[in-house]
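Numbering (the numbering used here), first residue to last: 56 to 449.
Notes for the one structure printed next.
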């Protein structure tokens, strides 16, 4: 019978782990950033960031273009010295590519700004949030809003049971629903036709926020074609679509995102600020990626990344000490089955191997020891696999 190896930290590792734990506590329901970790713990040697979620190949693609067009020219000075365009001017530039009128596009300083704006201004009385999920949706609820949690079941791999969900919604009559497709941290994905059926059944709900921040990693055919769910904004009057650009294009540092919503909602936001909420580099990024030439190059790296990601998840499943939950995103929810604590696992991976993964102990709706591991490049994914095999003695 194979020996079960429970992860333990030695005295030196415990000292570092306590600092990591303190930094995590200061970051609240999110993870401390790389710069913060390395500033506070310079003795760490980070080799793989598998905590934060982005496509590294897309980062490289945009960086090559940025280097040629901005860094090697005098354009960078203009991005630093002058104000960027106002919100609606940027929306007008990207509208033809998105296929939505600019009056329905709200450009933002990252998806988090959109979430905060929606939760503070347009979510009323009662909101239903599936758990586990991205915590900002319930943390940003105002004191006048009642948050109802709809638990996704572990024994069902945290998939959304749409029929049961509809009954729950009809029972509680919320003003707003939050639907994240694919859900974070589970990676669960609801196919387009099933999602359309669900939204059609929820016609009586006044406001549905559909978060598509990871949609570029979803696929429904062998060719891995991009799934268009943004068009659901046109089909359903009660739907607001939210899209982060950080994950799929690998540019979290630029802080860029957008939402598709009714004209009156956008007007209400713009009348109370958000005029210059996107930086000059953020504006350049949006202009640069919203064209056919860039997207042809991007599609190649997007599909390659999906293939590598799914190969990585398949390899992870060979490790007996871990349970890997099904994911159509670029991250996997991982349950520790050997009795190890999630915090000890995260600390050991970071201290011994230089690999940063995310503990999910702060995620409401997860009962057990869970971590989230992001897919990186093929070489980085191999480093993760090698470390895990060494850690668990496989």
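The beta-carbon is built from N, C-alpha and C at its ideal position, and this holds for glycine as well.
Between residue i and the rest of its own chain, which residues show a CB-CB distance below 7 Å, the 5 nearest in sequence each way excluded?
i, result
"residue 433", "363"
"residue 336", "134 and 309"
"residue 116", "352, 353 and 356"
"residue 361", "272, 274 and 279"
"residue 307", "107, 109 and 301"
"residue 20", "Because the chain in this structure spans residues 56 to 449, residue 20 falls outside the shown range and cannot be described."
"residue 313", "160, 161, 162, 163 and 298"
Roughly how many whole angstroms lie between the Cα atoms of residue i and residue j?
i, j, result
"residue 280", "residue 355", "11 Å"
"residue 164", "residue 191", "15 Å"
"residue 104", "residue 412", "7 Å"
"residue 397", "residue 221", "34 Å"
"residue 96", "residue 210", "38 Å"
"residue 180", "residue 229", "7 Å"
"residue 286", "residue 249", "15 Å"
"residue 89", "residue 255", "42 Å"
"residue 382", "residue 244", "7 Å"
"residue 166", "residue 106", "18 Å"
"residue 400", "residue 431", "19 Å"
"residue 317", "residue 186", "27 Å"
"residue 129", "residue 339", "14 Å"
"residue 109", "residue 323", "32 Å"
"residue 169", "residue 298", "9 Å"
"residue 75", "residue 132", "38 Å"
"residue 188", "residue 435", "26 Å"
"residue 406", "residue 415", "18 Å"
"residue 327", "residue 176", "11 Å"
"residue 120", "residue 111", "15 Å"
"residue 69", "residue 198", "38 Å"
"residue 157", "residue 393", "52 Å"
"residue 377", "residue 391", "5 Å"
"residue 154", "residue 288", "11 Å"
"residue 417", "residue 246", "28 Å"
"residue 365", "residue 200", "39 Å"
"residue 87", "residue 144", "34 Å"
"residue 72", "residue 437", "24 Å"
"residue 439", "residue 402", "14 Å"
"residue 67", "residue 82", "23 Å"
"residue 193", "residue 321", "22 Å"
"residue 343", "residue 276", "28 Å"
"residue 350", "residue 358", "12 Å"
"residue 205", "residue 311", "29 Å"
"residue 235", "residue 319", "23 Å"
"residue 146", "residue 80", "37 Å"
Mind reading off the beta-carbon distance from residue i to residue j? Whole number of angstroms is fine, and I expect it under 8 Å.
i, j, result
"residue 305", "residue 429", "11 Å between Cβ atoms; not a contact."
"residue 242", "residue 370", "Actually they do not touch by this definition, with Cβ atoms about 16 Å apart."
"residue 159", "residue 267", "Not quite, the Cβ-Cβ distance comes to about 15 Å (not below 8 Å), so this is no contact."
"residue 227", "residue 178", "Actually they are not in contact, since the Cβ atoms of residue 227 and residue 178 sit about 15 Å apart, beyond 8 Å."
"residue 341", "residue 149", "5 Å"
"residue 348", "residue 303", "Contact flag wrong, Cβ pair sits at about 18 Å."
"residue 257", "residue 224", "6 Å"
"residue 92", "residue 78", "7 Å"
"residue 409", "residue 101", "5 Å"
"residue 125", "residue 395", "So it is not a contact: roughly 46 Å between Cβ atoms."
"residue 269", "residue 374", "At roughly 24 Å, the Cβ-Cβ gap does not stay under 8 Å, so residue 269 and residue 374 are not in contact."
By DSSP's criteria, residue i is part of a beta bridge. Which residues make up the other side?
i, result
"residue 181", "201"
"residue 359", "The partner list for residue 359 (beta bridge, DSSP) is empty, contrary to what the question assumes."
"residue 390", "378 and 425"
"residue 61", "Looking at the DSSP assignment, residue 61 forms no beta bridge with any residue, so it has no partner."
"residue 264", "233 and 295"
"residue 414", "426"
"residue 108", "DSSP lists no partner for residue 108."
"residue 313", "162 and 298"
"residue 206", "186"
"residue 344", "According to DSSP, residue 344 bridges with nothing at all."
"residue 103", "410"
Please work out which residues of its chain come closer than 6 Å, Cβ to Cβ, to residue i, disregarding the five sequence neighbours upstream and downstream, and give them in chain order.
i, result
"residue 232", "183, 260 and 263"
"residue 152", "345"
"residue 203", "183 and 227"
"residue 171", "195"
"residue 218", "none"
"residue 253", "217"
Looking only at its chain, what residues have a beta carbon closer than 8 Å to the beta carbon of residue i, apart from the 5 residues adjacent to it on each side?
i, result
"residue 142", "161, 162, 325, 329, 330, 331, 332 and 333"
"residue 56", "With a pLDDT of only 44 at residue 56, under 50, the local geometry of the prediction cannot be trusted, and no value is derived from it."
"residue 207", "185, 186, 187, 213, 214, 215, 238, 241, 243 and 420"
"residue 99", "71, 92, 93, 405, 406 and 409"
*asked:* For the pair the segment 291–306 and the segment 259–266, tell me if three or more CB-CB distances fall below 8 Å.
replied: yes
*Count the CB pairs spanning the segment 376–391 and the segment 230–244 that are closer than 8 Å, and state whether there are at least three.*
yes
_Quick check: the segment 415–426 against the segment 442–449, are at least 3 beta-carbon pairs closer than 8 Å?_
no
_I'd like to know if the segment 136–147 and the segment 326–336 are in contact, where contact means that at least 3 CB-CB pairs between them fall below 8 Å._
yes
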